[in-house]
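> Structure in structure tokens, see below.
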Amino acid sequence: MTDKGRHKVFPCICNICLAKWTLILLNLVLFVAGFSVICSAIWVGWNRHSFVKFTGLIKDEEIRSKIVDQTESIVVTRAIYVIIGVVAFLLFVCLLGCCGAVCGSRCSLTHYAMILLVILVLEIIAGYLATDYAYNAEKEIKVAMNATLRHYNDSVGKENKSDATLIWDSIFLTFNCCGVYDHEDVAYKDDNGTMIIPETCCAQRYINAKGELDCYMHKGDKVKPNKVSCYDAIFEVIERKSNIVIGIIFGLVLGQCLSIILA
Numbered sequence: 005m006t007d008k009g010r011h012k013v014f015p016c017i018c019n020i021c022l023a024k025w026t027l028i029l030l031n032l033v034l035f036v037a038g039f040s041v042i043c044s045a046i047w048v049g050w051n052r053h054s055f056v057k058f059t060g061l062i063k064d065e066e067i068r069s070k071i072v073d074q075t076e077s078i079v080v081t082r083a084i085y086v087i088i089g090v091v092a093f094l095l096f097v098c099l100l101g102c103c104g105a106v107c108g109s110r111c112s113l114t115h116y117a118m119i120l121l122v123i124l125v126l127e128i129i130a131g132y133l134a135t136d137y138a139y140n141a142e143k144e145i146k147v148a149m150n151a152t153l154r155h156y157n158d159s160v161g162k163e164n165k166s167d168a169t170l171i172w173d174s175i176f177l178t179f180n181c182c183g184v185y186d187h188e189d190v191a192y193k194d195d196n197g198t199m200i201i202p203e204t205c206c207a208q209r210y211i212n213a214k215g216e217l218d219c220y221m222h223k224g225d226k227v228k229p230n231k232v233s234c235y236d237a238i239f240e241v242i243e244r245k246s247n248i249v250i251g252i253i254f255g256l257v258l259g260q261c262l263s264i265i266l267a
């Protein structure tokens with residue numbers, strides 16, 4: 005082989021090796037990520053109490069238990085099965101890509117690229133549908149919050165509080181908010197006919213002379229409720245978390261596109 009021929013062949017070999025090991029590395033990363041998702045899904049299905057505790061959103065143990073008990077176990081179980089099934093299929097695709105790259109099998113790499121292309125198209129469609137239905141989902145969540153808040157008002161101010169009341173109290177304290185829209189959503193009359201709001205809706209730094217939380221709704225200086233909407237507070241947290249999720253999804257889609265090109 006002449007020097008001119010070597011100069012053409014060697015760069016080509018280097019490019020093939022680089023593409024091969026890049027494809028292997030991408031699939032290994034996706035495999036580890038998918039395996040982590042499956043482990044998390046199994047954890048949620050096996051012990052939801054520990055998972056809710058791990059998130060750190062609800063500090064009180066009793067409230068965490070009530071929230072988990074209120075969750076529809078059948079719906080959660082089915083969702084977990086779907087997640088495990090989908091991710092297991094993706095793990096199979098990752099293994100197919102790794103084996104095809106290591107063995108240099110053109111057939112395996114072709115099937116791998118075709119499957120990834122189909123998955124990519126489905127992801128784009130799912131993303132479009134999710135954006136389209138996001139507005140309706142927000143309305144449904146607001147309706148559900150209003151419905152449960154009515155149960156809160158049934159037992160607020162009483163010694164034996166319902167599960168809905170305890171859960172809402174925990175939400176008020178965790179997110180420093182009050183009511184679905186504002187503190188007037190949970191206002192009620194005491195034995196003297198005075199309109200008051202629950203102590204959990206008080207701004208915690210305002211305490212009366214007796215060292216007690218004072219939330220009487222008159223025009224004096226004692227009116228210091230949390231005026232933040234719980235709907236807005238919760239969705240602010242969801243939006244912050246969703247930005248992280250969107251970044252992860254964008255990275256996965258970018259990795260899939262690169263894998264299709266390399267295959």
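Each residue of the sequence shown is one higher than the last, beginning at 5 in our numbering. Beta carbons are placed, not taken as given, at the ideal position from N, Cα and C, and that holds for glycine.
Any contact of the stretch 113 to 130 with the stretch 143 to 157, i.e. 3+ C-beta pairs under 8 Å?
With the cut-off at 8 Å, the stretch 113 to 130 and the stretch 143 to 157 do not touch.
> Report the CB separation of Val-41 from Val-91 in whole angstroms; it is logged as a contact under 8 Å.
Contact holds; Cβ gap of about 5 Å.
> Output the boundary residues of the alpha helix (DSSP H) element that contains Ala-168.
Note, Ala-168: alpha helix (DSSP H), 167 to 179.
> Which residue's Cα is closest to the Cα of Val-184: Gly-101, Cys-234 and Ser-109?
The shortest C-alpha separation from Val-184 is found at Cys-234.
> Classify Cys-102 as helix, strand or coil using the three-state DSSP reduction.
Cys-102: helix per DSSP, three-state reduction.
> How would you call Phe-176, buried or exposed, if buried means at least 16 neighbouring beta carbons within 10 angstroms?
Buried, by the Cβ-count rule.
> State the Cα-Cα distance for the pair Cys-102 and Leu-27, rounded to the nearest angstrom.
Spanning the two alpha carbons is a distance of roughly 7 Å.
> Measuring straight from C-alpha to C-alpha, what distance separates Phe-254 and Glu-188?
So the alpha carbons of these two residues sit roughly 41 Å apart.
> Apart from the five residues just before and just after Lys-146, which ones in its own chain have a Cβ nearer than 8 Å to its Cβ?
Correct list, in chain order: Val-184 and Tyr-235.
> Would you mind giving the Cβ-Cβ distance between Val-232 and Asn-180, rounded to the nearest angstrom? I have them listed as a contact below 8 Å.
The Cβ separation is near 6 Å, so the contact holds.
> At the level of alpha carbons, what is the spacing between Leu-133 and Ile-250?
Rounded to the nearest angstrom, the two C-alpha atoms are 15 Å apart.
> State buried or exposed for Asn-31, treating a residue as buried only when at least 16 other CB atoms are found within 10 Å of its CB.
The residue in question, Asn-31, is buried, as its Cβ has 16 or more Cβ neighbours within 10 Å.
> Which same chain residues end up closer than 6 Å to Ile-88 when comparing Cβ atoms and leaving out the 5 residues on each side of it in sequence?
Here the set comprises Ile-42 and Ala-45.
> Under three-state DSSP, which class holds Cys-206?
Of the three classes helix, strand and coil, the one that applies to Cys-206 here is strand, per DSSP.
> Between Lys-24 and the rest of its own chain, which residues show a CB-CB distance below 6 Å, the 5 nearest in sequence each way excluded?
Cβ neighbours of Lys-24 beyond the five flanking positions: Ala-105.
> Give every residue of the same chain whose Cβ lies closer than 6 Å to the Cβ of Gln-260, excluding the five residues on either side of it in the sequence, and list them in chain order.
These residues qualify, in order along the chain: Leu-120 and Leu-124.
> Do Asn-256 and Leu-34 have their C-beta atoms within less than 9 Å of each other?
Here residue 256 turns out to be Leu, not Asn, going by the sequence shown. Contact: yes.
> Count the other CB atoms within 10 Å of the CB of Trp-50; is the residue buried (16 or more) or exposed (fewer)?
Exposed, by the Cβ-count rule.
> Is it buried or exposed for Ala-168, if we count other Cβ within 10 angstroms and need 16 for buried?
Classification of Ala-168: buried, given that the 10 Å Cβ count is 16 or more.
> Taking the alpha-carbon positions, what's the Gly-38 to Leu-100 distance?
If I take the Cα positions, the gap works out to 14 Å.
> Using a 10 Å radius around the Cβ and a threshold of 16 neighbouring Cβ atoms, would you call Thr-135 buried or exposed?
Its Cβ having fewer than 16 others within 10 Å, Thr-135 is exposed.
> What does a CB cutoff of less than 6 Å around Asn-230 pick up in its chain, not counting 5 residues either side in sequence?
For Asn-230, where only same-chain residues beyond five positions count, the Cβ hits under 6 Å are Asn-180, Cys-181, Cys-182, Cys-205 and Ala-207.
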